[in-house]
Structures are given as structure tokens and as C-alpha cells.
Amino acid sequence: MRDQCPACASVAVTNLYRKPFDAPEIANYLLSFYGRQGGVELDYLHGATYDLRECGVCGCIFQREILNDFLMERLYESWIDPEQVFEQHNREDDLRYFAYYASEIMQIAAFFNAAPSALKFMDFGMGWGKWALMAKAFGCASYGAELSAERIAYAKSNGITVIQWEEMPNQDFDFINTEQVFEHIPEPLQTLKYLASSLKPSGLIKISVPTANNIERRLRRMDWTTPKKTKLSLNPVAPLEHINFYRRASLVKMAEKAGLEEVHIPLRYQYQYATNWGNPKQMIKNLLRPIYRNILQRQNYVFLRRKPLTAGARNPARRSETELMPMHV
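Take the sequence shown: its letters are residues 1 to 329, numbered as in our numbering.
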């Protein structure tokens with residue numbers, strides 16, 4: 001049970017929605033959603049509740065009841081069949097997918113004003129390691145962390161250095177990538193502090209999580225039949241997986257609690273290293289994306305670094321090794 005906000009630790013939370021997992025609308029959603037990926041075993045969820053809460057301080061929306069370690073493994077290794085997911089990626093990951101990764105990595109290298117070969121990157125929650133492989137292709141020292149045994153084996157077979165949770169405080173990364181990861185993590189604030197402890201003093205960590213600027217409208221309607229990637233989809237608060245939904249203010253508050261502050265990649269780098277200008281739609285997207293992210297701040301995509309310390313201050317992102325509690329990636 002999570003009775004306080006996982007992003008800012010506030011106890012000022014209110015209930016938004018509460019239904020048993022075996023209620024028809026939620027059970028049907030789960031059967032339909034996971035039926036395309038492997039298949040959910042509803043018996044494991046009997047007696048559990050989809051209990052959605054909202055933090056009154058930072059606006060984070062989170063599921064109070066989450067899966068235990070056994071069921072987390074069941075979810076990501078069985079209910080979501082790795083072989084099916086891998087084949088889906090192979091079918092759907094086209095040149096645009098990889099061009100975006102290349103563009104992002106070039107922007108980050110430009111920010112550091114360093115040759116890629118001088119940079120040490122980690123992809124936390126790397127999945128099949130495609131981002132880490134792109135960083136490696138540029139010449140970066142490329143590391144990855146992941147729970148799934150199949151995904152770890154695949155990354156290792158492609159030359160990615162896989163590190164374990166307990167090894168991270170001994171690292172000195174220039175950059176940590178977390179792409180669509182923090183919405184899945186049971187203890188995101190503690191995880192962010194832990195990851196920040198493995199950064200160089202000048203290092204950055206990126207958090208990119210689902211955005212839904214109309215979340216209030218989605219929750220008022222609460223229609224579990226609305227398709228994914230449509231304007232009223234409930235996927236941002238999907239049962240079992242998306243256990244944390246962040247507003248942008250939630251990310252900023254969580255960063256502050258972790259001793260971090262937001263930093264922006266200069267717009268000139270974002271435009272200079274944008275890729276895939278092949279059609280008018282993509283050209284418009286490339287032109288508007290930096291404005292949407294950095295000026296309008298309408299997307300949950302942030303870069304963070306440690307706050308400069310004042311005299312006598314102590315940054316929570318730099319804790320002693322004895323304070324770094326083991327966590328689940």
C-alpha cells in the first residue's frame with residue numbers, strides 16, 4: 001500500500017477512483033489489453049483494488065495498491081510475453097524511431113561539448129537496449145540496467161555493459177536516460193535520489209513519462225473502452241503498469257526533493273541536431289517540439305542536474321554508501 005505521494009512524500013492525498021480489479025469494466029479492460037500481449041491471470045488479482053489517489057501538493061496521481069515482486073515479474077515476463085513484444089518492436093521500429101534516438105544523443109553530446117567517446121551514458125530500464133545501442137554506435141561508453149532476464153541477455157549479446165542496482169553508486173555517469181520508466185516505479189523519489197548519486201557533478205538525468213494535459217477530463221469520463229493513443233484514453237493511469245501519473249509540477253517537485261534542478265538543452269542544439277525532415281508533418285513536428293517542451297512546458301520531458309550547494313548544505317543526491325538502500329529497478 002502506498003499511502004503517501006510517491007513523488008513528493010506528501011500525505012495530503014485524496015481518492016479519485018476505487019474499483020476491484022475483478023469489477024467487469026476493469027477486468028474486461030485487462031483481458032483485452034493483455035490478451036494482445038500474452039494474457040493476464042485475473043485470479044492473482046482477486047481481492048485487490050484499483051485505487052487511484054491524487055497528491056494535493058504536487059498533483060501526482062498514483063495507484064495505492066501495486067503488485068508485489070512476484071507479480072511484477074509475472075507481469076513483465078508472462079502477461080507481457082517478451083517474444084511477442086520483441087517481434088512487435090522489430091515490425092514497428094522504423095527509421096523514424098532510430099532517427100529520434102540519434103537526434104537526442106547528438107543534442108546531449110553537444111550540451112556537454114564533448115566527443116561522444118569521452119562520455120559515459122546509462123539507459124535505466126533499457127528494455128531491449130535500442131537507445132543504449134544507439135549511444136554505443138556514436139562511440140559513448142554505453143551501460144544499461146534492466147530487470148527482464150531476456151532483455152538483459154539481448155543487450156549483452158549486442159555489447160551493452162549491463163550493471164546491477166547495487167553497482168550504481170560506484171559509477172560516474174555523464175548522463176542517465178530514463179525513457180518511459182518512472183511511471184512504472186514503486187518508489188520513484190527514492191529511485192531518483194539513488195540514480196543521481198551515480199552522476200558526475202556535471203551529469204544529467206532525463207525523465208520522460210506519459211503526458212496527458214487533459215487528465216481531469218479523462219478521469220471524469222473514466223471510459224475503459226477508449227482506445228490507447230486517443231484523447232480520452234486511460235492509458236496514462238493504466239492498471240498494474242502505469243502506477244504513477246505525473247503532471248509537470250510533480251516532476252519538478254520530485255526533482256527538488258531529490259536535490260536536483262531542471263536544466264534545458266539550448267534550443268540551438270535541439271534544432272541543429274534534429275533529424276528526419278522528410279515530409280511537411282515531420283518538419284512541423286521538429287520545429288514545434290522544442291517550443292512545446294521548453295517554452296510552453298506542455299510535455300513531461302525534463303533534464304535534471306544537481307543543485308549547486310550553498311555553504312554547509314548537504315545535497316540529498318550525494319548520500320553515503322551506507323544510506324543507499326537497495327531498491328528494485
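Positions of the beta carbon are idealized from the N, C-alpha and C atoms, including for glycine. The structure displayed is predicted, hence computed values, not measured ones.
- One alpha carbon belongs to glutamate 83, the other to valine 11, and they sit about 41 angstroms apart.
- As computed with DSSP, proline 20 is found in a beta bridge with Thr49.
- The alpha-carbon separation between glutamate 262 and asparagine 294 amounts to approximately 11 angstroms.
- DSSP lists no bridge partner for glutamate 41.
- Excluding sequence positions up to five before and after arginine 96, its CB lies within less than 8 angstroms of the CB of Asn276 and Gln282, all in the same chain and listed in chain order.
- One thing to note: phenylalanine 121 has its Cβ within 8 angstroms of the Cβ of serine 142.
- Taking the CA atoms as reference points, tyrosine 34 sits about 18 angstroms from phenylalanine 70.
- Shown here, asparagine 286 sits in a helix according to DSSP, grouped into three states.
- By the Cβ-count criterion, serine 148 is buried, with 16 or more other Cβ atoms from all chains shown falling within 10 Å of its own Cβ.
- One Cα belongs to arginine 298, the other to lysine 206, and the distance between them is close to 16 angstroms.
- Between glycine 259 and the set Tyr301, Arg220 and Ser197, the nearest pair of CA atoms involves Ser197.
- Shortest Cα-Cα distance from isoleucine 265 to any of Phe112, Ser250 and Val181 involves Phe112.
- If you check the CB distance, phenylalanine 86 and glutamate 183 do not come in under 8 angstroms.
- Shortest Cα-Cα distance from asparagine 158 to any of Asn177, Ala132 and Glu179 involves Ala132.
- When the alpha-carbon of lysine 200 is set against those of Asp22, Ile176, Phe62 and Glu216, the nearest one is in Ile176.
- In terms of Cβ geometry, alanine 155 and methionine 134 do not form a close pair [threshold 8 angstroms].
- Counting C-beta pairs with one atom in each stretch, the region 52–65 and the region 226–233 have fewer than three that are closer than 8 angstroms, which means they do not touch.
- DSSP, reduced to helix, strand and coil, places phenylalanine 175 within a strand of the structure shown.
- By a beta-carbon distance limit of 8 angstroms, isoleucine 160 contacts glycine 129. Their separation comes to about 5 angstroms.
- Nearest to proline 308 by alpha-carbon distance, out of Met72, Ser202 and Lys285, is Ser202.
- Here isoleucine 105 really is in contact with phenylalanine 138; their C-beta atoms are around 6 angstroms apart, less than 8 angstroms.
- Take the alpha-carbon of leucine 288 and the one of methionine 254: they are about 27 angstroms apart.
- Arg2 is the residue among Arg2, Pro116 and Glu25 whose C-alpha sits nearest the C-alpha of isoleucine 66.
- Under the three-state reduction of DSSP, valine 57 is assigned to coil, being neither helix nor strand.
- With respect to isoleucine 61, leucine 16 sits close: the two C-beta atoms are nearer than 8 angstroms.
- Nearest C-alpha to glutamate 167 among Gln180, Thr178 and Gly144: Gly144.
- When secondary structure is reduced to three states using DSSP, lysine 229 falls in the coil class, being assigned neither helix nor strand.
- Tyrosine 269 places its beta carbon 8 angstroms or farther from that of alanine 115.
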